[in-house]
Amino acid sequence: MSEREITLKKAFPHFSNELLHEIEAHSGFQIFKAGDVIMRTGQYIKSTLLILKGQLKIYREGDDGEEFLMYYLQPGQACAISLICSTKNQTSQITAKVVEDVEAVTVPLALMDKWMMNHRSWYEFVINTYRTRFEEVLEVIDNIAFRAMDERLEFYLKRHAKACDCKEINLSHQEIALELNTSREVVSRLLKKMEQRGLVNLHRNQIKLLF
Numbered sequence: 000m001s002e003r004e005i006t007l008k009k010a011f012p013h014f015s016n017e018l019l020h021e022i023e024a025h026s027g028f029q030i031f032k033a034g035d036v037i038m039r040t041g042q043y044i045k046s047t048l049l050i051l052k053g054q055l056k057i058y059r060e061g062d063d064g065e066e067f068l069m070y071y072l073q074p075g076q077a078c079a080i081s082l083i084c085s086t087k088n089q090t091s092q093i094t095a096k097v098v099e100d101v102e103a104v105t106v107p108l109a110l111m112d113k114w115m116m117n118h119r120s121w122y123e124f125v126i127n128t129y130r131t132r133f134e135e136v137l138e139v140i141d142n143i144a145f146r147a148m149d150e151r152l153e154f155y156l157k158r159h160a161k162a163c164d165c166k167e168i169n170l171s172h173q174e175i176a177l178e179l180n181t182s183r184e185v186v187s188r189l190l191k192k193m194e195q196r197g198l199v200n201l202h203r204n205q206i207k208l209l210f
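The numbering of the sequence shown is numbering that gives the first Met the number 0, which starts it at 0 and goes up by one.
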């Protein structure tokens, strides 16, 4: 097994050795830097990314530049929407931005179709990706539809902390407001209340969770 196949196996332990060999032989390997936008709304998708290292943020953009966070991608994951768009030759309805430097495998459309038929481990991976992301988006919708802004903010912070596996969130109040589709003043006021309740410590462009 080559060094790249070993790296792939570490990130995707459920892939068969035969599938890992085909990925290593026929797919591309790319590195993206934090801040890079690697997929935009309206763009045709000819491949999907398998994340080996780092983190991506997947979100929808509004007409006025506001953002709606859908989910994060981490090692061992792929974007469900890119999988769907690739198979149907449709344009992307989301934007993908690098949060932490990413190393990824680019899988061409033709191989994805072939692997669905020839590799059970790829088929199961794609189905599990669809299910996991669908459940996560439902959770986000429920949060928006049925919770007040203070609850939405707490949910957002917990979700971000889970994605980065950390307690220190390095985001400005304006960045959080943009993703929650509210004002910076509202976010600042609610965070101050959370600090008074002993849930967070606030620093410049950083929020430390205490729960």
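Virtual Cβ for every residue (Gly too), placed ideally from N, Cα, C.
Could you pull out every residue in the same chain whose Cβ sits closer than 7 Å to the Cβ of residue i, ignoring the five residues on either side in sequence?
i, result
"residue 198", "209, 210"
"residue 148", "181, 185, 189"
Leaving out the 5 sequence neighbours to the left and right, which residues in its chain are closer than 8 Å to residue i when beta-carbon positions are compared?
i, result
"residue 54", "71, 72, 73, 97, 98, 99, 101, 162, 163"
If you draw a straight line from the alpha carbon of residue i to that of residue j, how long is it in whole angstroms?
i, j, result
"residue 27", "residue 105", "5 Å"
"residue 200", "residue 191", "9 Å"
"residue 14", "residue 121", "7 Å"
"residue 134", "residue 157", "17 Å"
"residue 0", "residue 25", "15 Å"
"residue 124", "residue 34", "28 Å"
"residue 140", "residue 178", "14 Å"
"residue 91", "residue 170", "26 Å"
"residue 206", "residue 67", "20 Å"
"residue 126", "residue 118", "13 Å"
"residue 2", "residue 93", "33 Å"
"residue 142", "residue 155", "9 Å"
Under 6 Å Cβ to Cβ from residue i, same chain only, skipping five residues before and after it: list those, please.
i, result
"residue 10", "51, 74, 75"
"residue 115", "122"
"residue 107", "46"
"residue 31", "37, 97, 101"
Where do the N-terminal and C-terminal ends of the beta strand (DSSP E) with residue i fall, by residue?
i, result
"residue 57", "46–60"
"residue 63", "Looking at the DSSP string, residue 63 is not in any beta strand (DSSP E), and its letter there is neither H nor E."
"residue 207", "205–208"
"residue 94", "94–107"
"residue 31", "27–31"
For the alpha helix (DSSP H) that contains residue i, what are its first and last residues?
i, result
"residue 10", "2–10"
"residue 170", "Where residue 170 is concerned, there is no enclosing alpha helix (DSSP H), given that its DSSP letter is neither H nor E."
"residue 195", "183–195"
Taking the alpha carbon of residue i as the point to measure from, which residue in the options has its own alpha carbon closest?
i, options, result
"residue 150", "48, 204, 186", "186"
"residue 166", "177, 176, 173, 153", "153"
"residue 137", "62, 93, 69, 38", "69"
"residue 49", "4, 173, 142", "4"
"residue 89", "131, 40, 65", "40"
Contact defined as beta carbons within less than 8 Å: I believe residue i pairs with residue j. What is the distance between those atoms, to the nearest angstrom?
i, j, result
"residue 7", "residue 23", "7 Å"
"residue 42", "residue 103", "About 16 Å separates the two Cβ atoms, so there is no contact after all."
"residue 37", "residue 77", "Not quite, the Cβ-Cβ distance comes to about 13 Å (not below 8 Å), so this is no contact."
"residue 168", "residue 176", "About 14 Å separates the two Cβ atoms, so there is no contact after all."
When you measure from the CB of residue i to every non-hydrogen atom of the ligand HEM, does any distance come out below 6 Å?
i, result
"residue 104", "Although the ligand HEM was asked about, the structure shown includes no ligands whatsoever."
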